[in-house]
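These notes concern the structure reproduced below.
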Amino acid sequence: DVKVTQSSRYLVKRTGEKVFLECVQDMDHENMFWYRQDPGLGLRLIYFSYDVKMKEKGDIPEGYSVSREKKERFSLILESASTNQTSMYLCASSLIFLRTSGGAGVVETQYFGPGTRLLVL
Amino acid sequence: KQEVTQIPAALSVPEGENLVLNCSFTDSAIYNLQWFRQDPGKGLTSLLLIQSSQREQTSGRLNASLDKSSGRSTLYIAASQPGDSATYLCAVQYTGGFKTIFGAGTRLFVKA
């Protein structure tokens, strides 16, 4: 069974604090993702990583950075937390099982962690 | 712009009823479409994944269909149970990249 764990289920921080959210997967997956989920907006991709030290911006990277020093661990960093970053943060991982001749990969099903509910006061 | 829409946003049905959840997406250039289940305050659990070359997938009481030409997918749940109460999300992976676009979900309540 794939297991994706996140360091905290609930987190309360103050405006301006630097916040670290950690995600660990135990299945040697190449891809890891960070999403935020807000009511009525669905999941929005913040960043993803397709290999160690490799990262790509998602749809809403502003105010966030990421770090992937080891294959199993993907960290999301809020450089200076703001109230509009109050949200549910979900981490996911997946394998690439097919690469097209154009270089783009087809991502297998994503496995999600339990989420971190962050409140910024 | 690539978008995924789910209607209705919420649905309440009595136990035992068969029901259909709808998902529509713009742009038919997709790799796959996936249905997830999310329980309150929890992460997402994959239910069914349909590759772009497939028409449907089945797992137990669940059946998901895909019509790329019309940009639609449906998730059929047979003989609903209170334990099916959750939010169901549709997600589409488009060609040309790793990005997966999620719908906002349909919140399902099954009353005993």
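Protein chains in written order, with this note's numbering: chain A, 1 to 121; chain B, 122 to 233. Positions of the beta carbon are idealized from the N, C-alpha and C atoms, including for glycine. Model, not experiment: these values are computed from the prediction.
query, result
"Where the segment 145-174 of chain B meets chain A: residues whose CB sits under 9 Å from a CB there", "Tyr-152, Asn-153, Gln-155, Phe-157, Gln-159, Gly-162, Lys-163, Gly-164, Leu-165, Thr-166, Ser-167, Leu-170, Gln-172"
"Pick from Cys-144(B), Leu-132(B), Leu-140(B), Glu-136(B) that is closest to Thr-126(B), judged by C-alpha positions", "Cys-144(B)"
"Coil, strand or helix - Asp-205(B) by DSSP", "helix"
"Classification of Arg-182(B) by the beta-carbon crowding that lies within 10 angstroms, buried from 16 upward", "exposed"
"Where Pro-114(A) meets chain B, residues with beta-carbon distance less than 7 Å", "Lys-163, Gly-164"
"Residue interval of the beta strand (DSSP E) (run including Ser-7(A))", "Taken as a continuous stretch (DSSP letters only), Ser-7(A) belongs to no beta strand (DSSP E), as it is neither H nor E."
"Contact set between Gly-224(B) and chain A, taken where Cβ atoms lie within less than 8 Å", "Gly-42"
"Neighbourhood of Ser-133(B) by C-beta distance below 6 Å, restricted to the same chain and skipping five residues each side", "Phe-230"
"Nearest residue (CA-CA) to Gln-6(A), options Gly-164(B), Gln-123(B), Pro-135(B), Ala-199(B)", "Gly-164(B)"
"DSSP state of Thr-122(A) mapped onto helix, strand, coil", "Summary: the structure shown does not reach residue 122(A), with chain A confined to residues 1 through 121, and so no result is reported for it."
"Proximal residues of chain B, C-beta to C-beta of Thr-86(A) below 9 Å", "Correct list: empty, because the minimum Cβ distance to chain B is about 15 Å."
"Leu-76(A) beta carbon less than 8 Å from that of Tyr-64(A)", "yes"
"8 Å Cβ cutoff, Leu-90(A) in contact with chain B", "yes"
"Where Asn-31(A) falls: helix, strand or coil (DSSP)", "strand"
"Below-8 Å beta-carbon distance, Gln-110(A) vs any chain B residue", "yes"
"Host beta strand (DSSP E) of Lys-232(B) (start-end)", "227-232"
"Neighbour-count burial assignment, Gly-42(A), 16 or more Cβ in a 10 Å radius", "buried"
"Residues sharing a beta bridge with Glu-22(A), DSSP", "Ser-75(A)"
"Coarse secondary structure for Asn-84(A), derived from DSSP in three states", "helix"
"Assumed close pair Thr-227(B), Leu-169(B) - CB separation to whole angstroms, cut-off 8 Å", "Between Leu-169(B) and Thr-227(B) the Cβ distance is about 15 Å, and since that is not below 8 Å, they are no contact."
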